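The next block holds one structure in the form of structure tokens; read it before the comments.
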Amino acid sequence: MVALADGMMNTQASAKNKGSMKEAPAFFDEMRSADGSIRPAYQKIADWMGQQSRGGMARKQEEAEAIFRRLGITFAVYGDNASNERLIPFDLIPRVIAAQEWRFLERGIEQRVRALNLFLYDIYHRQEIIRAGRIPADLVVGNEAFLPQMMGFDPPGKIYSHIVGTDIVRTGENAFFVLEDNLRTPSGVSYMLEDREAMMHLFPELFAAHRVAPVERYPEMLRQTLESVAPPSCKSDPTLAVLTPGIYNSAYFEHSFLADQMGVELVQGSDLFIENGTLYMRTVSGKERIDVLYRRVDDSYLDPLAFRSDSTLGVPGLFDLYRAGGVTIVNAPGTGIADDKAVYAYVPDIIEFYTGEKPILSNVPTYRCSIADECHHVLDNLSHLVVKEVHGSGGYGMLIGPHATKAQLAEFEKKIKAKPSNYIAQPTLNLSTCPSNVGAGSAPRHVDLRPFVLVGDKIRITPGGLTRVALKKGSLVVNSSQGGGTKDTWVLED
Amino acid sequence: MLGRTAASLYWMSRYIERAENIARLTEVGYRISLTPDIGIGHREDWKSTLIAAGSYEPYLERHNEITSEKVKHFLLFDRDNPSSVRSCLETARNNARAVRTALTREMWEALNSTYIDFASVRPADLGSGKLPEFLDWVRQRSALFRGSMLGTLLRDEGFHFSQLGAFIERADNTARILDVKYYVLLPTNETVGGDIDAFQWETILRSVSAHRSYRHVYKDRYRPWNVAEFLILRPEMPRSFCFCYGWIERSLEGMSDIIGKKTASLTEASSILHDLKTIPMDAIFQSGLHEFLTEFLKRNNSVSAHIANDFHFL
């Protein structure tokens, strides 16, 4: 699934590790300690798992799939026939995050998101961070993701990225890494909400036995966030709308789901027009004003007059109207510069520069091929590293060293040498595992986590987020296009 | 409500109604093909079915002969036929997907599960007697959708556009069925009409599931005059022109109240309803049943075009 594909895991050669797994488990198991004992947060889940029969779980699995299919929670894969809709597999066993673990993550995410918004404001204004020599000018202003059209403009509340999906992986007891910041139009929140709905329907007894922090308030919080960034021209209660590319977009379900949950219109470009400095939607009685547009359309398609002229998904004149304060676009155009893979390596510096604090959450160590020493290191260690194109997303244009053939390695060596600044490299990560429901009972499978963050009058983080799980044995690839599923994610309250 | 949303609701309902009507027409065609040939060839009956379904021309573009198997496949499963039951369900679902937020969960689930279940039906499995059961199922699913809508949908714009789509389509369908067989309904046939005609009259009534309710209303054998009157002017017959236009007018009045002005489509629908309420049956026969039906189909299309225009369907 393309919409969820950003955040391809750095994968470890699973075959290589199989031999050594028994002596020293290479992976952090979120349920079991190294000595085999159950961690406290998972105690009741482990008891419950012990009580389930294989047949019973199989029936629940079928029931869950029927629920998702009936609700139409499917995704389309690009290139597939449009009617070819698939379900993302749902894993029945919830992932549990202890209260103190979550508090740590929450603080780290908030710090990071705050700093990245300050960074965006700065680079679209005085560019202090560049003047201070903390990040190369060329990396920012010479970057495809940098939008010069945004220079000098103050978005309402000085917020650029209102809706963030921070991808986090865990490799040890206290080792959490941010893999990607996803500041553009992150998706997946509908799966978080529907996974919870399904679990409450299937296993109410489990909820009775735990104090699970609720996620259901997300749509309401999203609404509050959007209302809090109404444009200066809006003098009454702001009217919101969700802009979708249409029913063939892989995340269309989510667009319609969010509009419905917030009770606002789901619009397409063809529904919108601008007249006398106001954005309107065509309604049965003529027109109705829109103040805040939560767009799920990429920057380049937003406005054929300002960006790609062949776009039919946006609205001519939208960007000018935005700059004139007639409408708020959420997320702001141009946020991509802050989640660019080349800029990623500088995020710890960015945090320190704007907050004066040490980063709470770590970055994955990242080698920048643009720097000669680091490039040498990458070329010498290619077969152990994951190499990514700086502007690529969704796992395209990347090399997974330990899995690559000699020919692929040689090809990437050539590519990197030809244009070093186009690549970064990271070590492979040993993703943590959680118990998953597999055909023959339960078994550990690798997971990542995408918490959802809302930035408006204040920062709101929904406890938990979307856990993606690599359901194939040994696989570290959580993408749904490659056998990945999702599972409900529980933050336990004290 | 967005104009596009209104359009999607309208077309969603039209296509569900059409799927149901095509299933009903196919069933009648199937019944005829089972009865002994009594003079009029089956080939002609399948042709009438195709015409009534508005699918005769597209059929001829793809097939050079009319056979039961080919017609059934064309009407039920053929993706190249935009009015096949499969295409109707797909179009209805795509429209529904585009306006998920305007549907209730029950409506969506009724439509979506029909679509999913239909996709798993293999035409090859519908041989020897399984067809009626399948056609029944299609009608039941349409009824389920309609029931979900009536039971759960707010009586606001969304309801009105769903109603409009269903009744414009239904009126169109009833008019086509009558027009295909109008010649057997001419009064001159009443005296000369033999078994063949009686059979044709019954076929018409069956095509709109009215062969039993006819008896309740007329307490008489099938007579062409009555059959025509029943399907055109009787306000209590739920597939008659008069009944359909009663609902079309009501929904257009509702919409006019909501947007605060009287629309061209309402004026036109009211005028059609007024005509249906005042014109006597013999006047229709005098000026020509076929001409009357042609004119009605034209006016019905015109109301549909006006609705699209009045409510900014794009």
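The listed protein sequences derive, respectively, from chains W and G.
Be aware that the first sequence starts at 17, since it is given in our numbering, and climbs by one per residue.
Be aware that the second sequence starts at 881, since it is given in our numbering, and climbs by one per residue.
We treat Cβ as the ideally placed atom computed from N, Cα and C, and that holds for glycine.
Note that the structure is predicted; figures quoted are calculated from it, not measured.
The Cβ neighbour count for Asn397 of chain W, taken over all protein chains shown within 10 Å, is under 16; the residue is labelled exposed.
The alpha carbon of Pro105 of chain W has as its nearest neighbour, out of W:Glu243, W:Leu238, W:Met278, W:Lys488, the alpha carbon of W:Lys488. The residue among G:Glu1116, G:Asp1162, G:Asn1180, G:Tyr1063 with its C-alpha nearest the C-alpha of His1170 of chain G is G:Tyr1063. Straight across, the Cα-Cα distance linking Asp276 of chain W with Thr344 of chain W is about 20 Å. The beta carbon of Met65 of chain W sits no closer than 9 Å to any beta carbon of chain G. Judged by DSSP secondary structure, Val507 of chain W falls outside any alpha helix (DSSP H) and instead within the beta strand (DSSP E) spanning 500-507. Judged by DSSP in its simplified three-state form, Leu295 of chain W adopts strand. At the C-beta level, Arg86 of chain W and Glu509 of chain W stay beyond 9 Å of one another. Residues of chain W with a Cβ closer than 7 Å to the Cβ of Met881 of chain G are, in chain order, Thr299, Val300.
Taking C-alpha positions only, Lys1099 of chain G is separated from Arg980 of chain G by approximately 46 Å. Counting only the Cα atoms, Ala420 of chain W lies some 39 Å from Leu134 of chain W. Identification of residues in the segment 976-1004 of chain G having a C-beta nearer than 7 Å to some C-beta of chain W yields Arg977, Ala978, Arg980, Thr981, Trp988, Glu989, Asn992, Ser993, Ile996, given in sequence order.
Against Val205 of chain W, chain G offers no close residue; the least beta-carbon distance is about 16 Å (beta-carbon pairs closer than 7 Å). Nearest neighbour of Leu334 of chain W by Cα position, chosen from W:Leu318, W:Ser327, W:Asp326, turns out to be W:Leu318. Scanning its chain for C-beta atoms nearer than 8 Å, with the 5 sequence neighbours on each side dropped, one finds around Arg123 of chain W the residues Ile376, in chain order. Around Leu282 of chain W, the beta-carbon contacts reaching into chain G at under 7 Å are Thr981. Counting along the chain, the unbroken alpha helix (DSSP H) around Tyr1098 of chain G starts and ends at 1093-1098. Contact annotation, Ser448 of chain W with Glu46 of chain W: C-beta distance approximately 5 Å; criterion of less than 8 Å satisfied. By alpha-carbon distance to Glu405 of chain W, the top candidate from W:Tyr360, W:Pro364, W:Lys474, W:Glu368 is W:Tyr360. When the beta-carbon positions are compared, Arg1130 of chain G and Cys1122 of chain G stay at least 9 Å from each other. Using beta-carbon distances, Ser286 of chain W counts as an interface residue toward chain G, with a partner under 9 Å. According to the DSSP assignment, Tyr370 of chain W belongs to the alpha helix (DSSP H) that extends over 363-371. Taking 9 Å as the threshold, the shortest C-beta distance from Met892 of chain G to chain W does not fall below it.
Within the segment 1036-1048 of chain G, the residues whose Cβ lies closer than 7 Å to some Cβ of chain W are Glu1037, listed in chain order.
In the DSSP assignment, Gly188 of chain W forms a beta bridge with W:Ala191.
Residue pairing from DSSP places Ser452 of chain W in a beta bridge opposite W:Ala459. Scanning its chain for C-beta atoms nearer than 6 Å, with the 5 sequence neighbours on each side dropped, one finds around Ala978 of chain G the residues Ser888, in chain order.
For Pro110 of chain W, the secondary structure class from DSSP, reduced to helix, strand or coil, is strand. Taking 3 residues as the minimum length, the beta strand (DSSP E) runs contained wholly in the segment 241-282 of chain W are 256-259, in order along the chain. Between the C-alpha atoms of Gly372 of chain W and Ile145 of chain W there is a straight-line separation of about 13 Å.
The three-state secondary structure of Val228 of chain W, taken from DSSP, is strand. The three-state secondary structure of Met166 of chain W, taken from DSSP, is helix. Scanning its chain for C-beta atoms nearer than 7 Å, with the 5 sequence neighbours on each side dropped, one finds around Met1029 of chain G the residues Met987, Ser1042, in chain order. A Cβ-Cβ contact shorter than 9 Å links Asp315 of chain W with Arg200 of chain W. Leu955 of chain G sits buried, since 16 or more C-beta atoms from the chains shown fall within 10 Å of its C-beta. A contact between stretches requires three or more CB pairs, one per stretch, nearer than 8 Å, and the segment 173-185 of chain W fails this requirement with the segment 284-297 of chain W.
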